[in-house]
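Engineer: Under my numbering, think of the first position of the sequence shown as 2, with each following residue one higher.
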Amino acid sequence: MVVAAILDPRQKMKAVEFCFPQLFPSNEAQENISKVRTVLFELYDEYVAANDHDQLGKRKISQVGDSSVDTIISSSTSGWNDFDDFLRQLETFEPQKSELVDYLEKGPQKNASNANPVQFDCFG
Numbered sequence: 002m003v004v005a006a007i008l009d010p011r012q013k014m015k016a017v018e019f020c021f022p023q024l025f026p027s028n029e030a031q032e033n034i035s036k037v038r039t040v041l042f043e044l045y046d047e048y049v050a051a052n053d054h055d056q057l058g059k060r061k062i063s064q065v066g067d068s069s070v071d072t073i074i075s076s077s078t079s080g081w082n083d084f085d086d087f088l089r090q091l092e093t094f095e096p097q098k099s100e101l102v103d104y105l106e107k108g109p110q111k112n113a114s115n116a117n118p119v120q121f122d123c124f125g
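1) Report all residues from its chain with a CB closer than 7 Å to the CB of Q110; omit the five preceding and five following residues, and keep chain order.
2) Reducing DSSP to helix, strand and coil, say where F42 ends up.
3) Report, in whole angstroms, the separation of the C-beta atoms of V17 and A6, which I expect to be a contact under 8 Å.
4) How far does the alpha helix (DSSP H) with Q23 in it reach, from first residue to last?
5) Grouping DSSP H, G and I as helix and E and B as strand, with all else coil, what is K36?
6) Use the C-beta contact count for D67: other C-beta atoms within 10 angstroms, 16 or more gives buried, fewer gives exposed.
7) Can you give me the Cβ contacts of F19 inside the same chain, cut-off strictly under 7 Å, excluding the 5 residues immediately before and after it?
8) Kindly indicate the opening and closing residues of the alpha helix (DSSP H) around D103.
9) So K13 and L105 are supposed to be a Cβ contact under 8 Å. How far apart are they, rounded?
10) Since S99 and Y45 should fall inside the 8 Å C-beta cutoff, what is the C-beta to C-beta distance between them, to a whole number of angstroms?
Structure follows, in structure tokens:
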């Protein structure tokens, strides 16, 4: 339930930060909030790793094919590949916020005053 509440753009971590102090003693509430945050980031990291693995597989599949086409593509994109490598190296020195951190920092969406929370549609 907690993860579902966090993924609801109207609540995010604010739901946990609001409910846990009402459910647990103060020190236990803070500890549980930290645990939830840790698990959330572990899930996100697992998702990113799985997605990276899928993308690697797609790249390998796209590399199989007509060698003359591969040669044309590789010669025309080698400059871009070098640039991509350069950007990846920069990212190791200048870490960017993950999408999860960005999502959580934006804060929850405000409900319209006449909106029915039961009828909320997260897809649009």
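The beta carbon of each residue, even a glycine, is placed where N, CA and C say it ideally should be.
Computed from a predicted structure; not experimentally measured.
Structural biologist: Considering the structure as presented:
1) Here residue 110 corresponds to residue number 109 of the sequence shown, with the count starting at 1. These residues qualify, in order along the chain: P10 and R11.
2) Residue mapping note: residue 42 aligns to position 41 of the sequence shown, counting from 1. F42: helix per DSSP, three-state reduction.
3) On the sequence shown, residue 17 is found 16 positions in, with the first residue counted as 1. On the sequence shown, residue 6 is found 5 positions in, with the first residue counted as 1. 7 Å between Cβ atoms; contact.
4) Taking the first residue of the sequence shown as position 1, residue 23 is located at position 22. Taken as a continuous stretch (DSSP letters only), the alpha helix (DSSP H) holding Q23 covers M14 to L24.
5) In the sequence shown, the residue the question calls residue 36 occupies position 35. The three-state secondary structure of K36, taken from DSSP, is helix.
6) Numbered from 1 along the sequence shown, position 66 holds the residue referred to as residue 67. Residue placement at D67 cannot be trusted, given a pLDDT of 48 that sits under 50; what the coordinates show is reported in the next sentence. Sixteen is the threshold: since fewer than 16 other Cβ atoms of the shown chains lie within 10 Å of the Cβ of D67, the residue is exposed.
7) In the sequence shown, residue 19 corresponds to position 18, counting from 1. Correct list: empty, nothing qualifies.
8) For the purposes of this step, residue 103 is identified with residue 102 of the sequence shown, where counting begins at 1. Segment E100 to E106, the alpha helix (DSSP H) holding D103.
9) Here residue 13 refers to the residue found at position 12 of the sequence shown. Here residue 105 refers to the residue found at position 104 of the sequence shown. Going by Cβ atoms, the distance from K13 to L105 rounds to 6 Å, so yes, they are a contact pair.
10) Numbered from its first residue, the sequence shown carries residue 99 at position 98. Numbered from its first residue, the sequence shown carries residue 45 at position 44. Confirmed, Cβ separation roughly 6 Å.
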